[in-house]
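Okay, structure first, notes after.
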Amino acid sequence: MWPFLLSFLVFVSHTYGISTKDDVNIALSVIEGTAGYRILNGTNQFGAHGDGGSGDGVIVMVNTSEELVGGLSECWRSRFPDYNGKYWVFLPMDLLDGSVAEFLQNSSCIAGIVLTDPSRPHHVYDQSPFSHDSSCPNDVSSWYREERGSCRNKINRGAEIPQGLRNVEWKVLMVYMKDPKQLDLVKKCYGLFNVPEDGSTSRSFPLCGMSFGLFNSAAGNSQICFRRGLENARIYAFNIDATAIPLMCNPLAGQNVFSWPVPAITGSKTEQSSKYMIIATRLDSFGLIPDVSAGELSVLTSLIAVLATAQAIGSSLENFEAAVNRSSRFVMFAVFNGESFDYIGSSATVERMRMGVFPLPQMNVTHIQPMNLSQIEVIIEPQQIGSTSGTDLFTHVDSDRYAKSKEPLDRILNAMRNGAFSAGSTVRPVKEGSKVPPASWHSFARGNGNIQSIVLSPFDDSYSYNRYNSMLDQNTWTLGERTKAISDISAAATAMLYAAADFTRTNVSNLKVDDKFVATLFDCMVMSEDWFSCNFLNTLNSQRVNKSFESYSYYSKSTFISVSNGNPLRFFVYWILVYALGTNRHTTNVKNKKSCMDLSEHQAVRRVAQDELLTVMQGIRKNTAQQYILDGTGCYRFKLNEMSVEKHQTLRSPPTKSDPKFLKTSRRTPSYEQFIGPQRHKNERLQFARSNMATDWNKIIFSDEKKFNLDGPDGYAHYWRDLRKDPMYFSKRNFGGGSLMVWAAFCGNGTVALSFIGTRTNSQDYQQLLAQHLLPYLRRRRRANMIYQQDNASVHASNSTLAWFAAKNVVLLDWPACSPDLNPVENLWSVLVRRVYANAKQYTTVNDLKRAIRAEWDGLDKSLLQPLVGSMPNRIFEVYSYDWQPDPWTGKYSCYRSSIQLVQLQSPAFSIEGYDFSNTTYSTWTESQYSIDTLNLFLIQDSSFDWIMLLIGIFIALFSFFIVGRCHESTFVIDEGEVQAEEGEPL
Amino acid sequence: MHLDKLSDVERVNLCKRYFLIGIFCLPFVWLTNFVWFFTEAFCKPLTVHRTQIRRYVIASGIGSLFWLVVFLTWETVFQYYRAQGLVWTDYLTFVFPKGRI
Numbered sequence: 001m002w003p004f005l006l007s008f009l010v011f012v013s014h015t016y017g018i019s020t021k022d023d024v025n026i027a028l029s030v031i032e033g034t035a036g037y038r039i040l041n042g043t044n045q046f047g048a049h050g051d052g053g054s055g056d057g058v059i060v061m062v063n064t065s066e067e068l069v070g071g072l073s074e075c076w077r078s079r080f081p082d083y084n085g086k087y088w089v090f091l092p093m094d095l096l097d098g099s100v101a102e103f104l105q106n107s108s109c110i111a112g113i114v115l116t117d118p119s120r121p122h123h124v125y126d127q128s129p130f131s132h133d134s135s136c137p138n139d140v141s142s143w144y145r146e147e148r149g150s151c152r153n154k155i156n157r158g159a160e161i162p163q164g165l166r167n168v169e170w171k172v173l174m175v176y177m178k179d180p181k182q183l184d185l186v187k188k189c190y191g192l193f194n195v196p197e198d199g200s201t202s203r204s205f206p207l208c209g210m211s212f213g214l215f216n217s218a219a220g221n222s223q224i225c226f227r228r229g230l231e232n233a234r235i236y237a238f239n240i241d242a243t244a245i246p247l248m249c250n251p252l253a254g255q256n257v258f259s260w261p262v263p264a265i266t267g268s269k270t271e272q273s274s275k276y277m278i279i280a281t282r283l284d285s286f287g288l289i290p291d292v293s294a295g296e297l298s299v300l301t302s303l304i305a306v307l308a309t310a311q312a313i314g315s316s317l318e319n320f321e322a323a324v325n326r327s328s329r330f331v332m333f334a335v336f337n338g339e340s341f342d343y344i345g346s347s348a349t350v351e352r353m354r355m356g357v358f359p360l361p362q363m364n365v366t367h368i369q370p371m372n373l374s375q376i377e378v379i380i381e382p383q384q385i386g387s388t389s390g391t392d393l394f395t396h397v398d399s400d401r402y403a404k405s406k407e408p409l410d411r412i413l414n415a416m417r418n419g420a421f422s423a424g425s426t427v428r429p430v431k432e433g434s435k436v437p438p439a440s441w442h443s444f445a446r447g448n449g450n451i452q453s454i455v456l457s458p459f460d461d462s463y464s465y466n467r468y469n470s471m472l473d474q475n476t477w478t479l480g481e482r483t484k485a486i487s488d489i490s491a492a493a494t495a496m497l498y499a500a501a502d503f504t505r506t507n508v509s510n511l512k513v514d515d516k517f518v519a520t521l522f523d524c525m526v527m528s529e530d531w532f533s534c535n536f537l538n539t540l541n542s543q544r545v546n547k548s549f550e551s552y553s554y555y556s557k558s559t560f561i562s563v564s565n566g567n568p569l570r571f572f573v574y575w576i577l578v579y580a581l582g583t584n585r586h587t588t589n590v591k592n593k594k595s596c597m598d599l600s601e602h603q604a605v606r607r608v609a610q611d612e613l614l615t616v617m618q619g620i621r622k623n624t625a626q627q628y629i630l631d632g633t634g635c636y637r638f639k640l641n642e643m644s645v646e647k648h649q650t651l652r653s654p655p656t657k658s659d660p661k662f663l664k665t666s667r668r669t670p671s672y673e674q675f676i677g678p679q680r681h682k683n684e685r686l687q688f689a690r691s692n693m694a695t696d697w698n699k700i701i702f703s704d705e706k707k708f709n710l711d712g713p714d715g716y717a718h719y720w721r722d723l724r725k726d727p728m729y730f731s732k733r734n735f736g737g738g739s740l741m742v743w744a745a746f747c748g749n750g751t752v753a754l755s756f757i758g759t760r761t762n763s764q765d766y767q768q769l770l771a772q773h774l775l776p777y778l779r780r781r782r783r784a785n786m787i788y789q790q791d792n793a794s795v796h797a798s799n800s801t802l803a804w805f806a807a808k809n810v811v812l813l814d815w816p817a818c819s820p821d822l823n824p825v826e827n828l829w830s831v832l833v834r835r836v837y838a839n840a841k842q843y844t845t846v847n848d849l850k851r852a853i854r855a856e857w858d859g860l861d862k863s864l865l866q867p868l869v870g871s872m873p874n875r876i877f878e879v880y881s882y883d884w885q886p887d888p889w890t891g892k893y894s895c896y897r898s899s900i901q902l903v904q905l906q907s908p909a910f911s912i913e914g915y916d917f918s919n920t921t922y923s924t925w926t927e928s929q930y931s932i933d934t935l936n937l938f939l940i941q942d943s944s945f946d947w948i949m950l951l952i953g954i955f956i957a958l959f960s961f962f963i964v965g966r967c968h969e970s971t972f973v974i975d976e977g978e979v980q981a982e983e984g985e986p987l
Numbered sequence: 001m002h003l004d005k006l007s008d009v010e011r012v013n014l015c016k017r018y019f020l021i022g023i024f025c026l027p028f029v030w031l032t033n034f035v036w037f038f039t040e041a042f043c044k045p046l047t048v049h050r051t052q053i054r055r056y057v058i059a060s061g062i063g064s065l066f067w068l069v070v071f072l073t074w075e076t077v078f079q080y081y082r083a084q085g086l087v088w089t090d091y092l093t094f095v096f097p098k099g100r101i
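This is how it looks when you write it as C-alpha cells:
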C-alpha cells in the first residue's frame, strides 16, 4: 500500500516538473509615478484600476499591433492552450494607438499592460498621432459657449481617441517600465518559459508570470470622494483610531510662479491707473500614465521662450524700469500650473484677483498693489513653439474683443511682427473670425469682458504637433532640429520681448534675446533625460533638490502637476526667474545667506489696528459679493503627513472685528536700499539695519502638530505610496496600533512646549492648550515681543481662536507666500521622529510612546534649533524677495532682489463651500490615493497540480481514519501493569 | 432548561415573557420564542395552557416575519441607492468602501 502511494507521488512530481532549482522569484520595485492610477473629475472616474483581486498573469511581449490584436482576439489560446487565466502584455508605448486602445478596453483576458519605451525614436516633425489629450481639449472649460460639451472645434487632430486617452476608465492596470535591467530580467524569464520552442507553436507549464497590484482608494467622482473625506460626512465615524477621517482623494494643486520685472508699489503715483500685460505659460502636461509626461513641446519650449523674454528684460532692467514708471504700464510673468486640467492655476489666480488679494491683500504697509482684473489689458501666451518645420508664427485673438478695441492690440501685434522679423520669423496677420485656442486666457475671459488675448503659436486652425499632452511628447533631436528649435524659441521670445517693450513704451534698441541662454536651457531641459544632468541647472540647484529614485518626477523628466509634491521643475523656474529678473546690484555688500535673508522691506511683526480692520473689511465685502469664502493669502501646503481635512475646510468667513490675523500695521522701517550712502557709512548702516531686523526669525515661535503611531511615524500612511517593500499599509496590529497627536512649539532660543492632544480638537481645546503652554512662556519673555506662528488649519484660524489671540495680546505671524524650501518645523519633526523610532523601535503602549517623545524633546537643545531657524529663507515679501542663490554661469553666490511669488494654488471649486461639482466653472480634478505592491516575477504552474495534490491528501487522510478507526480501544492503551499483575508478575 | 421540567403555568409565563420582551424591537427574541415553543405549541395535544402558548407562538412568528420583511426591504432599498453614491446613503454608512462607490 505505502510503496504504491510513494511511487505515485514521485510519478506526479516528475510529470509536473517540480524542482526547487527551477524556481523564479524576482521582485522588481515600481517607482511611484510609473504606474497608472485613478484620477477623478466632477462627474467621472478615469484611470487604471485592477479588480483588486488577482493581478497575476502570464507575460506576453508584443511588438506589432497585428500580434497584439491577433493574440487578444483569442486570448493567446493557441500559444498557451492549457492556461485559463489573464495576461500581462508588454508593449512599446507607441503601439498603444486608438484602435488598440479600444481592443484593450473591451478585452477580458488582460490583467495589465506594461508600457515600454517607444519602438523607434520620434523626431519633432513626426506626424504620427499619439496625443493622449482629447481632440477638443477645451470642451469643458472654454470661454466660447458653443465649444462646451459638443466638441465641434476639433483642434487636436493628433488625439488617439476623441475623448482622450486620459479620460478613459481602464479596467486594467498600467505600468511604465523603463529600467533596462528590469526589462532584461523580464525578457530572460519570458524567453526561457513563454516562447514556443523550435518546431512547436505552443508552450505549456511552467510559464513565466508576474503580479502587480495598484489599489486606488477613491471612486465614483470627485464629489463623492471629497464629500466622504469631510468630517460631517456620516452620522458616526467608526474609527477605533479616533483619527481624522482620511481623505481618499486630493485635489490637484501645483506651484505657480509670478514675477514682476518692475512691481507696482502702493503709495506711488501709479496706484490706480496702472495697466498690465501678462506673459503667461504653463508648467504642466500629462500622459496616459499621468506622471510620465516629459512635455517637451507641450510645456518646455514655450516655457523657455518666456524665460528668455524675462532674461532679456532683466538684462536692461533700468531702461525698462524708467519707461514703466513713466507710463504706468506694467508687465507680469506668470507660469501657471494645472492648466491642462481645466485651468487650475489661472482660474485660482482670477479668483484671487476678484477678491483683491492677488498677489497680496491690501495691507497698511508698502507692498505690491493688488491686481485688479480690469487693469489687465492683454495676455500673451506662446504655445507649442518649435512644432513646425517652417518659420511662420500665428497670432490668435478673440475676434469680438479685438473688434471692440483694435488699436491697442494692433500696436502690440505690430511690435511682435517686428520682433519676429528681426529674429528671422514671420508673424502672420490675424485671421477673420479668429478664436483663441485652449489657453489660460479662457479663465481671464470669464473674469472680465475686456481682457484680450494673443496666443502665439506655429499652428493655425489645428495643432500641427500630434503628440501634445502625451507620454510620447519626448523627442530625439538631430543637430539640425536642435538648431531650428532654438531659433524658433528665440524668435518667439523676441516677438514677446518687443511686445512687452511696446506695451511699456520702452525703447527696443537695446533689447535682445540671449541666444546662448536659450540654447543652454534647451539643452538642459529638452535634450537631457532629466533635470539634473547639465551644469547650468546643477549650479543653480547647488544641491538643494536631489535626484531621488523614490519618485518618477525626480528621477526623470515629468511635468505632471500631481498633488503638491510634483516635479522639481517649479523650483528651477523660480530660480531662473529670480536670476533673470532680479538684481544683485543693491546688495553687493551682503556677504552671506543670513544677511540676505534678514533683508526685508518690512518686518513680519504686525499688530492689530481696529480702524484699518474696518477699511479692509469693507473693501473685501465689496469684492466678495457672493457667498464665497475668503481664503486669504495662505498657501495650501499639502504636507505629506497630514493630507488633512482642514485644508479643504479652510472655510473662513470674511474677517470680523476680532480677526487680528488678517490685518496689520507696520512699523515703518525704511528699506535698506535707502540707506545706501557713501561707502564709509555703509557698514554702519548695515549694522544698524541688521540689528533692527536680524533677530526677527528668533522671535518667531514655530508650532505644528504631528501624529505619532505606536508602530512608526505617521508620515507615510496617508499618502499610501509604498514602494519596495511588501504591502505594508496596514501594520500588524489593527489600526496602526494606536496613535498619539503631538503639538509642539519651538523658537531659535530653545524649545517652548510639547503637549499631547486628542486627535480631534476644537477651538476651545486649542485655546486651552495655548493657555496652558504658550502663554506662560510668553509671559516670561514679555519684553522680547515674540510672535506666534501656526498653520491655517480651521481650528487655528477660527473666529473664536482669533478672538482669543486678540484678547490675550498674542501676535500672530502672517504667512502669505510659499517658499520652495522646507518649513523649519518639518525639519524638527524629522529629527524627532528619527530619534524616537531609532532602530525601528515599536512601542507597546501609548504611555511608553509619550515618555519617549518627551524624553527626546527634552534632549533637543538650542544648538540643534538655531540652524533650523536660521535656514528660514525670506518668505514674507511685500515688494521684494531676497534670495541667496548662485549665478548659474559662474557659481558665485549673491543676494538677488526680485519681485517674485511662488504660490500653491488649487482649483477654487475646493474652497467654495457647497460647490456643486458637476458645475464646470472650475476644475474639479482630484487624484486618488493609492497603494502599490511590488512587481513580482514568478513561475505559474499548472493549477491542476494543486487539485491532484489536494485530492491525494484528502484520500490519504480518509484512508488513515478508516484504518485506524477500525481498531479497538484497547490497542491505544499501553499499560502492561494490570495484565502482568493478573498474570502474577511481581512488581 | 428543559421545558419538560417546568410546570404548565411556568411554561406559559416563560413564553409570555419572551413575547413581551420581544416587543421592544427584539425580533430575535421572538424568533427564539417561536422556535423553542413550536413543538410545545403545535406538536402536542391541546390543553388550556397550550392554547395560550399557541397564541404567543403565533404572535412571535408573525412578529419575526414582519421584521424579516422590514429588514429585507430596507437592505434592498439602501444597497440599491448606496451603489449610486447618494449623499444620504453616505451619511448612514459607517465605513466607506475604498476603490469603489
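Protein chains in written order, with full-length UniProt numbering: chain A, 1 to 987; chain B, 1 to 101.
We put the beta carbon where it would ideally sit given N, CA and C, even for glycine.
Because the structure is a prediction, the values reported are computed rather than measured.
{"Query": "CB of Arg428 of chain A within 8 Å of CB of Leu472 of chain A, strictly", "Result": "no"}
{"Query": "Short CB-CB distance (under 8 Å) between Arg100 of chain B and chain A", "Result": "yes"}
{"Query": "Environment of Thr801 of chain A [buried if 16+ CB atoms lie within 10 Å]", "Result": "buried"}
{"Query": "Among A:Asp942, A:Tyr190 and A:Lys706, nearest to Val832 of chain A - alpha-carbon criterion", "Result": "Looking at the sequence itself, residue 832 of chain A is Leu, so the reference to Val does not match. Residue A:Lys706 is the option with its Cα nearest to Leu832 of chain A."}
{"Query": "For Lys16 of chain B, three-class secondary structure by DSSP", "Result": "helix"}
{"Query": "Cβ-based burial, Pro438 of chain A [other Cβ within 10 Å; buried from 16]", "Result": "buried"}
{"Query": "Range covered by the beta strand (DSSP E) that runs through Gly209 of chain A", "Result": "Leu207 to Ser211"}
{"Query": "Straight-line gap, Phe961 of chain A to Leu6 of chain B (C-alpha atoms, nearest Å)", "Result": "44 Å"}
{"Query": "Run of the beta strand (DSSP E) containing Lys706 of chain A, from where it starts to where it stops", "Result": "Ile700 to Asn709"}
{"Query": "Residues of its chain near Gln311 of chain A, where Cβ-Cβ distance is below 7 Å and the 5 sequence neighbours each way are ignored", "Result": "Asp514, Phe517 and Ala580"}
{"Query": "Contact under 8 Å by Cβ, Leu935 of chain A with Leu183 of chain A", "Result": "no"}
{"Query": "Nearest-angstrom Cα separation, counted from Asp94 of chain A out to Ile344 of chain A", "Result": "29 Å"}
{"Query": "Beta-bridge pairing of Pro382 of chain A - partner residues as DSSP gives them", "Result": "A:Leu456"}
{"Query": "Nearest to Ser434 of chain A (by Cα), restricted to the options A:Gln789, A:Phe215, A:Val973 and A:Asn153", "Result": "A:Asn153"}
{"Query": "His586 of chain A at chain B interface by Cβ criterion, 8 Å", "Result": "no"}
{"Query": "Alpha-carbon spacing of Thr281 of chain A relative to Tyr144 of chain A, whole angstroms", "Result": "21 Å"}
{"Query": "Gly22 of chain B versus B:Leu92, B:Glu10, B:His49 and B:Phe66, residue with shortest Cα-Cα distance", "Result": "B:Phe66"}
{"Query": "C-beta contact flag for Ser259 of chain A and Leu511 of chain A at 8 Å", "Result": "no"}
{"Query": "At least three beta-carbon pairs within less than 8 Å, the stretch 953-970 of chain A to the stretch 67-84 of chain A", "Result": "no"}
{"Query": "For Ser894 of chain A, the three-state DSSP class (helix, strand or coil)", "Result": "strand"}
{"Query": "Alpha carbon of Gly50 of chain A to alpha carbon of Lys86 of chain A, nearest angstrom", "Result": "12 Å"}
{"Query": "Proximal chain B residues relative to Phe215 of chain A, where beta-carbon distance stays under 9 Å", "Result": "Lys98 and Gly99"}
{"Query": "Where Gly267 of chain A falls: helix, strand or coil (DSSP)", "Result": "coil"}
{"Query": "First through last residue of the alpha helix (DSSP H) which encompasses Lys275 of chain A", "Result": "Looking at the DSSP string, Lys275 of chain A is not in any alpha helix (DSSP H); the run it does join, the beta strand (DSSP E), is Lys275 to Arg282."}
{"Query": "Residues from the stretch 71-90 of chain B in contact with chain A, defined by Cβ distance under 8 Å", "Result": "Gly85, Val87 and Asp90"}
{"Query": "Environment of Phe42 of chain B [buried if 16+ CB atoms lie within 10 Å]", "Result": "exposed"}
{"Query": "Chain-ordered neighbours of Ala219 of chain A on chain B, where CB pairs are closer than 7 Å", "Result": "Gly99, Arg100 and Ile101"}
{"Query": "Met355 of chain A - containing alpha helix (DSSP H), residue span", "Result": "Ile344 to Met355"}
{"Query": "Residue environment, Ser340 of chain A, which counts as buried when at least 16 other CB atoms sit within 10 Å", "Result": "buried"}
{"Query": "Straight-line gap, residue 1055 of chain A to Glu432 of chain A (C-alpha atoms, nearest Å)", "Result": "Residue 1055 of chain A lies beyond the range of chain A shown here (1 to 987); nothing can be said about it."}
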